[in-house]
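Numbering (this note's numbering), first residue to last: 60 to 518. Right, one structure below, let's go through it.
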């Protein structure tokens, strides 16, 4: 039945116009899935990565930096809708502050780099079929954004969800769009190739790519980083940060004992009984920021050598065809992580960056921080911390998880610059000019309550 399943899946992808490289990558993972591959990386097969250079110690000549950033394209992953925050549009259209959304701030960052370094610095978004139209519509106001004839976007591929019982492509007549899923951000590489964008970039004289998540405003174009990467001669580099006790979920780099190669291990690739090792910030002291750099020419050569299949580790995701209906058909989604490409390139390396290059917004907790006076917004689109440390934010998910509910209850961010922690339980609405000092906790009082204008919370 599985051979019939693969053939049916390939036919479905071809009929939908999915590019050949993506079909071949999917077929590779299908065969791994069929063989019983779990994608798990055992602790005894790796050693912690402990020796890594720090960006703060890097000294790069201005001309080297200018030349390197002038050959760099900035790529943002922009396929997500932010459904976990109650959004039904591209997450990057969410307002961050001062009437500007993620897209506006990313554009400002790229334009600032162009002006500072007199460099072209093209900006590319990897969109999904759900985010392409509205993203390009918003970007159309920036008439000087495109570089030459390079596009502003390329499309993430899609693949069939597979029935968990027989690995056949699932059918869901109630909403056929739910029969499809993205292949994870490891799809970046075949999508670049299959769209023709990789060749266009190389033909236009670009050598390097800097890639990051669209919701990470810390990953602005950085000429020093570009110069370091160019001088390293490495085909690939990952940005990592030092882990703290709060960094238990993010993937980490490690050294594979079998060949000494750097690899990425994510939560989904860790056996449940070994999670204590995965979450130990002392054993694995650096986490992967999902900011990465690679040599465009070396990527193209490698894709050609491997017939478009890089062979990234498979991530097996068990879900239901309708994520909102736990009783719907169980399916398996085959995914891969773009950061796992570090193990494909001999000589790949990593560099430790400061936290200012890692400012993701996954929940309204982080959104509140970015909207508060913990950060200043510069004309260059960068959010700059106003203090040495950020307070811990813990909002009651019953009332603040969705953006609309969060914004209705906290229409104006309180001052958090002097706070160490804000914990809210229950249904509280914040007035204007509220200040949090030290540690503050609001208890659940069983009914909606209001913090009056000008109130100071905490010590």
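Beta carbons are placed, not taken as given, at the ideal position from N, Cα and C, and that holds for glycine.
Residues near residue i in its chain [Cβ-Cβ closer than 6 Å; skip 5 each side]
i	result
residue 60	In this predicted model, residue 60 has a pLDDT of only 46, less than 50, meaning its place in the structure is not dependable; the value taken from the coordinates is given anyway. For residue 60, where only same-chain residues beyond five positions count, the Cβ hits under 6 Å are 225.
residue 503	484 and 485
residue 128	176, 178, 282 and 285
residue 357	294
Residue j beta carbon less than 8 Å from that of residue i
i	j	result
residue 337	residue 329	yes
residue 318	residue 396	no
residue 275	residue 190	no
residue 66	residue 367	no
residue 111	residue 410	yes
residue 510	residue 283	no
residue 429	residue 442	yes
residue 388	residue 340	no
residue 334	residue 98	no
residue 183	residue 169	no
residue 211	residue 195	yes
residue 63	residue 85	no
Cut-off 7 Å between Cβ atoms - residues of its own chain near residue i, not counting five sequence neighbours on either side
i	result
residue 146	140, 153 and 462
residue 167	439 and 440
residue 392	220, 240, 376 and 378
residue 71	219 and 228
residue 500	482
residue 117	283 and 287
Continuous alpha helix (DSSP H) stretch holding residue i: start and end
i	result
residue 474	Careful: residue 474 lies outside any alpha helix (DSSP H) and carries neither H nor E.
residue 425	423-430
residue 196	191-198
residue 102	Counting along the chain, residue 102 falls outside any alpha helix (DSSP H), and DSSP gives it neither H nor E.
residue 290	282-291
residue 176	161-176
Rounded Cβ spacing between residue i and residue j (contact assumed at less than 8 Å)
i	j	result
residue 355	residue 266	6 Å
residue 380	residue 237	6 Å
residue 513	residue 497	Rounded, the Cβ-Cβ distance is 18 Å, inconsistent with contact.
residue 494	residue 144	26 Å between Cβ atoms; not a contact.
residue 353	residue 299	Incorrect: roughly 15 Å between the Cβ atoms, too far for contact.
residue 81	residue 246	7 Å
residue 408	residue 269	About 15 Å separates the two Cβ atoms, so there is no contact after all.
residue 273	residue 161	6 Å
residue 216	residue 412	Their Cβ separation, rounded to whole angstroms, is 30 Å, which puts residue 216 and residue 412 out of contact at 8 Å.
residue 193	residue 149	6 Å
Residue from the options with nearest C-alpha to residue i
i	options	result
residue 231	291, 414, 174 and 384	384
residue 244	263, 333, 351 and 291	351
residue 252	173, 365 and 311	365
residue 434	117, 155 and 96	155
residue 312	306, 305 and 297	297
residue 263	305, 180 and 457	180
residue 398	310, 456, 437 and 479	310
Residue i beta carbon near the ligand ADP (any heavy atom closer than 7 Å)
i	result
residue 389	Among the ligands in the structure shown, none appear at all, so the ligand ADP cannot be discussed.
Start-to-end residues for the beta strand (DSSP E) that takes in residue i
i	result
residue 362	Here residue 362 belongs to no beta strand (DSSP E); instead the alpha helix (DSSP H) covers 355-364.
residue 257	Premise fails: residue 257 lies in the alpha helix (DSSP H), 256-262, not in any beta strand (DSSP E).
Residues near residue i by beta carbon distance below 8 Å, same chain, minus five either side
i	result
residue 214	185, 186, 187, 188, 191, 250 and 254
residue 464	145 and 458
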